[in-house]
Amino acid sequence: MNGFAKAFFRGGGLLAAVVMLQPVVSASVDDAQSFALQAAEPYVKEGFQVREDYWGGDLASGQKKAVRQQLFKGNEYWFWLGTEVDRAKVSVHIYDSDGKLAEDPDGWEKGHFAAAHVTPKTTGSYFIIVSVEESPEERTHWALVYGFR
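Here the working numbering = 1-based position in the sequence shown + 33.
What follows is the structure in structure tokens.
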């Protein structure tokens, strides 16, 4: 019998069992994706189809990441950003290929959620800029999902 098993059976069993049952808390981009999808829920009810593909990673406070996406004239798009860090503040903005802000004014930021809306005037490459504005964590996971109609 190994040392762990001996300690378990000598009376430390309950404590060892409790320690073994403690969940491992490990945040991930998958957790952030769950929050981004949560932000999208009300829009799905309005007819937006959420794409299965998404972008994710981790950023330090004040850092930004650019994501390039082909958008088509005649469609309407929402981009939803989320993180699992409750006290983080995130933002998302959409720029055209000339670097001009292209989003509609109805985007929003609510703590660890943010969204940007665009109805492209032309088909082309657009840049979605995600940012962790503030976070209590050294690195904050984020995920960006989008939908169209």
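Glycine included, every Cβ here is placed at the ideal spot set by N, Cα and C.
Judged by pairs of C-beta atoms under 8 Å, the segment 110-119 touches the segment 139-147, as three or more such pairs exist. For residue 101, DSSP records a beta bridge to 160. Counted as a single uninterrupted DSSP element, the stretch harbouring residue 61 is not any alpha helix (DSSP H), since DSSP gives it neither H nor E. As the crow flies, the alpha-carbon of residue 158 is around 17 Å from that of residue 84. Here the alpha carbons of residue 99 and residue 106 stand approximately 21 Å from one another.
Residue state for residue 142 is assigned as strand, using DSSP reduced to three classes. For residue 181, the enclosing beta strand (DSSP E) starts and ends at 173-181. DSSP links residue 77 through a beta bridge to no other residue. The beta strand (DSSP E) runs of length 3 or more contained entirely in the segment 105-140 are, from start to end of the chain, 110-115, 122-128. In terms of Cα proximity to residue 91, the closest of 133, 154, 120, 164 is 164.
By the Cβ-count criterion, residue 95 is exposed, with fewer than 16 other Cβ atoms from all chains shown falling within 10 Å of its own Cβ.
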